[in-house]
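Single-structure report; data block below.
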Amino acid sequence: MFKPVFAILSVAGVLALGGCETTVNDAYQSLSSEIILRGTNPYIEAPVLKDLEDRIKTIALAPNLDGAFYSTTFNPRNDAILANFDEMFSKDVMMEDITLARAGFDAAAATRYPVTGTQTGCAITDPSGYFVNGEGEPNRFDWEFVKGDCADGIAHGVGEARASGAEARFIGRFDQGVMLEGVFTMVQKDGDRVIQIGGVSAQNRIARLLNTEFRANGFQWHRYGDFDNDGKFSGFGANIWNYTNMMLVKAVGHFADGKLNGFAAQQDKRKVGEAEVWAVWIGTYADDKMDGVGAWTNGLSDLAVGEWKDGKQNGVAFGQYASYLDSYHEFYAGRYVDGKRHGPFKVLGQNAFVDDGYTVENYNHGEFVDDSDDGLDFGQVFALAAGTAVIGSSNISDISKVEIGGAFAADVLGGGGNSGNLQSLQQNYQLQQQNGQTGGATQVAAGTGVQAGGALKTYKATITCEQTGVTSQIDVPYRTEQCRIAAVDFATTYSCNKLDQERVTRNCQSACGHPQCLEQ
Numbered sequence: 001m002f003k004p005v006f007a008i009l010s011v012a013g014v015l016a017l018g019g020c021e022t023t024v025n026d027a028y029q030s031l032s033s034e035i036i037l038r039g040t041n042p043y044i045e046a047p048v049l050k051d052l053e054d055r056i057k058t059i060a061l062a063p064n065l066d067g068a069f070y071s072t073t074f075n076p077r078n079d080a081i082l083a084n085f086d087e088m089f090s091k092d093v094m095m096e097d098i099t100l101a102r103a104g105f106d107a108a109a110a111t112r113y114p115v116t117g118t119q120t121g122c123a124i125t126d127p128s129g130y131f132v133n134g135e136g137e138p139n140r141f142d143w144e145f146v147k148g149d150c151a152d153g154i155a156h157g158v159g160e161a162r163a164s165g166a167e168a169r170f171i172g173r174f175d176q177g178v179m180l181e182g183v184f185t186m187v188q189k190d191g192d193r194v195i196q197i198g199g200v201s202a203q204n205r206i207a208r209l210l211n212t213e214f215r216a217n218g219f220q221w222h223r224y225g226d227f228d229n230d231g232k233f234s235g236f237g238a239n240i241w242n243y244t245n246m247m248l249v250k251a252v253g254h255f256a257d258g259k260l261n262g263f264a265a266q267q268d269k270r271k272v273g274e275a276e277v278w279a280v281w282i283g284t285y286a287d288d289k290m291d292g293v294g295a296w297t298n299g300l301s302d303l304a305v306g307e308w309k310d311g312k313q314n315g316v317a318f319g320q321y322a323s324y325l326d327s328y329h330e331f332y333a334g335r336y337v338d339g340k341r342h343g344p345f346k347v348l349g350q351n352a353f354v355d356d357g358y359t360v361e362n363y364n365h366g367e368f369v370d371d372s373d374d375g376l377d378f379g380q381v382f383a384l385a386a387g388t389a390v391i392g393s394s395n396i397s398d399i400s401k402v403e404i405g406g407a408f409a410a411d412v413l414g415g416g417g418n419s420g421n422l423q424s425l426q427q428n429y430q431l432q433q434q435n436g437q438t439g440g441a442t443q444v445a446a447g448t449g450v451q452a453g454g455a456l457k458t459y460k461a462t463i464t465c466e467q468t469g470v471t472s473q474i475d476v477p478y479r480t481e482q483c484r485i486a487a488v489d490f491a492t493t494y495s496c497n498k499l500d501q502e503r504v505t506r507n508c509q510s511a512c513g514h515p516q517c518l519e520q
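Residues in the sequence shown are numbered consecutively from 1, following the UniProt record's numbering.
Here it is as structure tokens:
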């Protein structure tokens, strides 16, 4: 899950090339000026790739500032990355939770749950809730109820619990003895403290929550999103490395089994000159690797969009390069094989003083061969443009367009007339439409969950929306206890207009056998 290994953020300030010194800021300013001056890559026709180019250009144009101020808020670069995932989460809600975690357990619990009952000796019927913790630390606890609200001797409402044999505390909401949501804290063996705010994941229940580890050196590790019963991201996730001078979005987007799968973005360090800088990738992922259509930039000299396979550029690529030393700029289009240029590249070189015009450069597995135009064939580029033009004009979300575009690119550029990727994704989206689901994340097909029996019962759920303070009562039909809990979560999420509908529909599917918790 991209666990942080650095305690201090180090941003090199000088690029030394050819005996000259150019600062990182000089290089950033040079690239930004060229992006604004030159506009879009003239070789890109496909709407999906134009959309990705717009996204990566917006990220590249945002300055990657650091300093004490940005230890508590995102700088423009990281804000620009997060903005691509507004359909999946609310940044404001996440930041509220991070601010509460920084205030400490007692302050966070008092803010979330200002009124706690006084009953004692009540039973916690299901202590199996999973709490995200450090490696080698416990995740499930033998809880003892301290005080709170109870019904018939069972914890029900807001209550406090402590764990036997561990320095762990929990204050939050119980439902007939089951921990549903709350504030959790524990001191780890090395003295670092963890605070968790939000839902409590359990079997058949994915929870949206914030988990923060506070290190003694000032570093904070925030993980926010949908967690499964094994503490892995399953749905939306954001992995944030909070240094003493920057909140860095290490990875964000859709996860499956703890790995990036679907539309996502990540940052990693890359060497440019003698400086290490944070490069950005955004697009479709499979098991933590870019796979499909995507884009990247180092924020100083390069950005590109096109096709990736297993984390490397493979297939058609469109990019631009801006030299921070000699005012040179170029657009290009060509093909990569296993991360290296291979075959003809069409290049539009532009200099601040001379218009270099169009040229063709030929490569053999990354090695420049010559600049003849023999054998130039952009047939696959045009095929990709024609197919994705239909996708770009369709009435679906931007994230969905990127995912479908990635499947189409894999089919077209893979050769052999294969259409398996696109057909599979089309079937998935048809299921989403039938179930009333939206967004770019993979969903669970209806009708494959728990088969329930027995008489249909009704539970009167009291729902309070945290953002508005509005309280309402909703009758929830159910047969099994696990479906009742999932149905209340479903009703709360939709009544309060939260952005984690995917999580609750998956929980409904798992617990009730239906994505809207309509137990059969």
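Backbone N, C-alpha and C fix where the C-beta goes; we use that ideal spot for every residue, glycine too.
Proximal residues to CYS483 (C-beta, below 7 Å), its chain only, five neighbours per side dropped: Counting from one through the sequence shown, the residue named residue 483 turns up at place 483. If the five residues before and after CYS483 are omitted, its C-beta is found closer than 7 Å to the C-beta atoms of ALA452, ALA511, CYS512, CYS517, GLU519, all from its own chain and listed in chain order.
Which word fits LYS250, buried or exposed, when buried means at least 16 other C-beta atoms lie within 10 angstroms of its C-beta? For the purposes of this step, residue 250 is taken as residue 250 along the sequence shown, with counting starting at 1. LYS250 counts as buried, since at least 16 other C-beta atoms from the protein chains shown sit within 10 angstroms of its C-beta.
Check whether the Cβ atoms of GLY148 and GLN119 sit closer than 8 Å, and answer yes or no. Taking the sequence shown and counting its residues from 1, the one referred to as residue 148 is at position 148. Taking the sequence shown and counting its residues from 1, the one referred to as residue 119 is at position 119. For GLY148 and GLN119, yes; Cβs fall inside 8 Å.
For VAL470, which residues of its own chain have a beta-carbon under 6 Å away from its beta-carbon, when the five flanking residues on both sides are left out? As a working note, residue 470 is residue 470 in the sequence shown. There are no such residues.
Whether or not the segment 179–186 and the segment 99–111 are in contact is what I'm after, with contact meaning three or more pairs of Cβ atoms, one per stretch, closer than 8 Å; do they touch? Segments in contact, yes.
LYS460 versus TYR478: straight-line alpha-carbon distance, rounded: If you number the sequence shown from 1, residue 460 lands on position 460. If you number the sequence shown from 1, residue 478 lands on position 478. Those two C-alpha atoms are separated by around 11 Å.
Less than 8 Å between the CB atoms is what I'm expecting for ALA304 and GLY292, so what's the real figure, rounded? Against the sequence shown, residue 304 aligns to sequence position 304. Against the sequence shown, residue 292 aligns to sequence position 292. In fact, because the Cβ distance is near 14 Å, the residues do not count as touching under 8 Å.
Per the DSSP calculation, SER201 is bridged to which residue(s)? Looking up residue 201 in the sequence shown gives position 201. Partner(s): TYR130.
Who are the Cβ neighbours of SER495 in its own chain at under 8 Å, not counting the five residues just before and after it? As a first step, residue 495 must be located in the sequence shown, where it is residue number 495. Cβ neighbours of SER495 within its own chain (closer than 8 Å, five residues either side excluded): ILE463, CYS465, SER472, ILE474.
Write down the C-beta distance between GLU160 and THR125 rounded to the nearest angstrom, noting that I regard them as a contact closer than 8 Å. Numbered from 1 along the sequence shown, position 160 holds the residue referred to as residue 160. Numbered from 1 along the sequence shown, position 125 holds the residue referred to as residue 125. About 16 Å separates the two Cβ atoms, so there is no contact after all.
Three-state secondary structure (DSSP) at ALA216? As a working note, residue 216 is residue 216 in the sequence shown. It is coil, neither helix nor strand.
Does DSSP classify LEU518 as helix, strand or coil? Counted from its first residue, the sequence shown places residue 518 at position 518. Secondary structure of LEU518 (DSSP, three-state): coil.
Straight-line Cα distance separating VAL272 from GLY375: Numbered from 1 along the sequence shown, position 375 holds the residue referred to as residue 375. Numbered from 1 along the sequence shown, position 272 holds the residue referred to as residue 272. Confidence at GLY375 is low in this model, with a pLDDT of 47, below 50, so its placement is unreliable and the value that follows should be read with caution. For the pair GLY375 and VAL272, the Cα-to-Cα distance works out to about 33 Å.
Three-way DSSP call (helix, strand, coil) for TYR43 in this model: For this step, residue 43 is matched to residue 43 along the sequence shown. In the structure shown, TYR43 sits in coil (DSSP, three-state: anything other than H, G, I, E or B).
Quick one: using the 10 Å Cβ neighbour count with 16 as the cut-off for buried, is PHE89 buried or exposed? Residue 89 sits at position 89 when you count from the first residue of the sequence shown. A residue is called buried once 16 or more other Cβ atoms fall within 10 Å of its Cβ, and PHE89 is buried on that count.
Alpha carbon to alpha carbon, how far is ALA322 from LYS269? Here residue 322 is taken as the residue at index 322 of the sequence shown, counted from 1. Here residue 269 is taken as the residue at index 269 of the sequence shown, counted from 1. When rounded, the distance between both Cα atoms is 19 Å.
Report yes or no: do the segment 68–79 and the segment 227–237 share at least 3 C-beta pairs separated by less than 8 Å? At 8 Å Cβ cutoff, the stretches do not touch.
Compute the beta-carbon to beta-carbon distance between PHE345 and GLU367, rounded to the nearest angstrom, for a pair I have assumed lies under 8 Å. To locate residue 345, count along the sequence shown from 1; it is residue 345. To locate residue 367, count along the sequence shown from 1; it is residue 367. Contact between PHE345 and GLU367 is absent: CB atoms are separated by about 13 Å, not below the 8 Å threshold.
In terms of residue numbering, what span does the alpha helix (DSSP H) encompassing LEU37 cover? In the sequence shown, residue 37 corresponds to position 37, counting from 1. DSSP places LEU37 in the uninterrupted alpha helix (DSSP H) bounded by 24–38.
Please report how far the alpha carbon of ALA279 lies from the alpha carbon of GLY311, in whole angstroms. Against the sequence shown, residue 279 aligns to sequence position 279. Against the sequence shown, residue 311 aligns to sequence position 311. ALA279 and GLY311: Cα-Cα distance of roughly 14 Å.
Straight-line gap, ALA491 to ILE206 (C-alpha atoms, nearest Å): Looking up residue 491 in the sequence shown gives position 491. Looking up residue 206 in the sequence shown gives position 206. The alpha-carbon atoms of ALA491 and ILE206 are separated by roughly 15 Å.
At which residues does the beta strand (DSSP E) containing CYS508 begin and terminate? If you number the sequence shown from 1, residue 508 lands on position 508. For CYS508, there is no enclosing beta strand (DSSP E); the enclosing alpha helix (DSSP H) covers residues 501–512.
DSSP three-state assignment for MET88, whether helix, strand or coil: Taking the sequence shown and counting its residues from 1, the one referred to as residue 88 is at position 88. MET88: coil per DSSP, three-state reduction.
Could you pull the start and end residues of the beta strand (DSSP E) that ILE206 belongs to? For the purposes of this step, residue 206 is taken as residue 206 along the sequence shown, with counting starting at 1. Secondary structure note for ILE206: it is in no beta strand (DSSP E), with a DSSP letter that is neither H nor E.
Please report the residue range of the beta strand (DSSP E) in which THR462 lies. Your numbering for residue 462 matches position 462 in the sequence shown. That run of the beta strand (DSSP E) goes 457–464.
Contacts around ASN364, its chain only, beta-carbon distance under 7 Å, and the 5 residues preceding and following it disregarded: Numbered from 1 along the sequence shown, position 364 holds the residue referred to as residue 364. Around ASN364: HIS342.
Considering only their Cβ atoms, is the gap separating THR297 from ILE59 smaller than 8 Å? Counting from one through the sequence shown, the residue named residue 59 turns up at place 59. Counting from one through the sequence shown, the residue named residue 297 turns up at place 297. Judged by their CB atoms, ILE59 and THR297 are nearer to each other than the 8 Å cut-off.
What separation, rounded to the nearest whole angstrom, lies between the Cα atoms of ALA264 and ILE240? Here the question's residue 264 lines up with position 264 in the sequence shown. Here the question's residue 240 lines up with position 240 in the sequence shown. Roughly 14 Å between the two C-alpha positions.
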